[in-house]
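J.:
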Ligand SMILES: [Zn+2]
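This is the structure in structure tokens:
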């Protein structure tokens, strides 16, 4: 391990749930504290769409995720560096995590060639050709200056064969070693990404190799890409038990409120997903009793708040009827109010989960929340959501 310095990240385990593997922790960075389990909103372009940093602070957001791929292409990582780094550029003095850029290269760009050296790809913006290697991923992320940065991996396509998954996993571990070698800035914590598709033996082998290299945190990537829920939970469970207790564990790109609770119970600490923000902009809103689609005609004259009992700004001031009106009229305020509510829902869920772990009643809390979430008639919810685009659609468009 590299020598510790005062501004190095610290992770403390504060409590464990007695009846699950759920853990309550705290990550300290030079830009502030992250209470775990934590949900990180996705701020693709260095902004969580429709919200200001002040909005995020009011919601209690402690960290957001920015996408290296997008910031590298526009405005360029050197531009961000010249303007003082991402914290200063985006006026966000709190922790930031950047991904490696790999995921968007696979999902958005046209890939020209993947080799041991790296990936040649064409920008989805202007078709220009670029090269992303483990060393380049480190250089870009160091210029952006996030508190937590990620190793470059190959996000293994799903479904895949065990042979392809093995070759991909092995390259991912070699790339992780190169990232570790190229990593310079000590105040940025480098987390490694484990791959291996749905093959638990490959996942575990990958984790073992990454543990041998030694990183400040470990992430599970390449999940929520079309596998079943039972496969997802099986992989997370089998991987989490291998990960050291004293480092943060990050489940990338997952997921629904149910997924968060199930994976917290399996011992994961950090989560990010476009779901609350993207669904908000599609008018799909989270409530304790499942999602509702605000464009539905039945809300035309509905004077009730979106979620009775929700203390968020949106629910405290506006009716379903008004939110429906804003959405159908394409008003910007509608997107903002929906985003405020959905993010409040996610952050509040995590706050309650942390309290439940501290109080030793997480499993009961989880079952209660899951029962409420499922109480809404399935048919009604799916009819309302028709045409909104599911996770597969979300993946195609890329993270935001
Ligand atoms: Zn609300």
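Residue numbers (my numbering): 1 to 400.
Beta carbons are placed, not taken as given, at the ideal position from N, Cα and C, and that holds for glycine.
Considering only C-alpha positions, which residue in the set 128, 108 and 126 is nearest to residue 155?
T.: With distances taken between Cα atoms, residue 155 lies closest to 108.
J.: Under a criterion of Cβ closer than 6 Å to any non-hydrogen atom of ligand 1, which residues qualify, in chain order?
T.: Chain-ordered list of matching residues: 306, 307, 310, 312, 314, 315, 341 and 344.
J.: Checking the sheet assignment: what are the DSSP bridge partners for residue 65?
T.: The partner list for residue 65 (beta bridge, DSSP) reads 42 and 97.
J.: What residues are listed by DSSP as bridge partners for residue 284?
T.: Residue 284 pairs with 293.
J.: What number of angstroms, rounded off, separates the C-alpha of residue 219 from the C-alpha of residue 358?
T.: Distance between the alpha carbons of residue 219 and residue 358 is about 24 Å.
J.: If we count Cβ pairs, one from each stretch, closer than 8 Å, do we get three or more for the stretch 87-97 versus the stretch 34-47?
T.: A contact exists between the stretch 87-97 and the stretch 34-47.
J.: So, under 8 Å CB-CB, residue 191 and residue 150 are touching, yes? Tell me the CB distance rounded to an integer number of Å.
T.: So it is a contact: roughly 5 Å between Cβ atoms.
J.: What residue from 289, 257, 337 and 301 has the CA that sits closest to residue 347's CA?
T.: Checked all of 289, 257, 337 and 301; the closest Cα to residue 347 is 257.
J.: Please classify residue 197: does DSSP put it in a helix, a strand, or coil?
T.: Residue state, collapsed to three classes: coil.
J.: Would you identify the three-state DSSP class for residue 122, choosing helix, strand or coil?
T.: Three-state DSSP puts residue 122 in a strand.
J.: Near residue 202, which residues of its chain fall below 7 Å by C-beta distance, leaving aside the five closest residues on each side in sequence?
T.: Correct list, in chain order: 165, 166, 169 and 196.
J.: Compare the beta carbon distance of residue 362 and residue 371 with 9 Å and say whether it is the shorter of the two.
T.: Cβ distance not < 9 Å, so residue 362 and residue 371 don't count as in contact.
J.: CA-CA distance, residue 30 and residue 145?
T.: Each residue's alpha carbon lies about 12 Å from the other.
J.: May I ask which residues mark the beginning and end of the beta strand (DSSP E) holding residue 150?
T.: Element bounds for residue 150: 148-150.
J.: Just to confirm my understanding: we take residue 85, look at its own chain, exclude 5 residues before and 5 after, and list those with CB closer than 6 Å. What are they?
T.: Closer than 6 Å at Cβ, skipping near neighbours: 145.
J.: DSSP state of residue 183, grouped into three classes?
T.: Reduced to three states, the DSSP call for residue 183 is coil.
J.: Tell me where the beta strand (DSSP E) around residue 28 begins and ends.
T.: Here the beta strand (DSSP E) through residue 28 covers 23-29.
J.: How many angstroms separate the CA atom of residue 184 from the CA atom of residue 80?
T.: Those two C-alpha atoms are separated by around 18 Å.
J.: Tell me which residues share the same chain as residue 83 and place their Cβ nearer than 6 Å to its Cβ, disregarding the 5 neighbours each side in the sequence.
T.: The residues are 89.
J.: In terms of residues, what are the limits of the alpha helix (DSSP H) holding residue 337?
T.: Start and end: 332-359.
J.: So residue 200 and residue 123 are supposed to be a Cβ contact under 8 Å. How far apart are they, rounded?
T.: 36 Å between Cβ atoms; not a contact.
J.: Which first and last residues belong to the alpha helix (DSSP H) in which residue 314 is found?
T.: Unbroken alpha helix (DSSP H) run through residue 314: 313-317.
J.: Could you give the C-beta distance for residue 299 and residue 336, rounded to a whole number, given that I count them as a contact under 8 Å?
T.: So it is not a contact: roughly 18 Å between Cβ atoms.
J.: For my contact list, residue 251 and residue 268 are in at a C-beta cut-off of 8 Å; report their separation, rounded to the angstrom.
T.: So it is a contact: roughly 5 Å between Cβ atoms.
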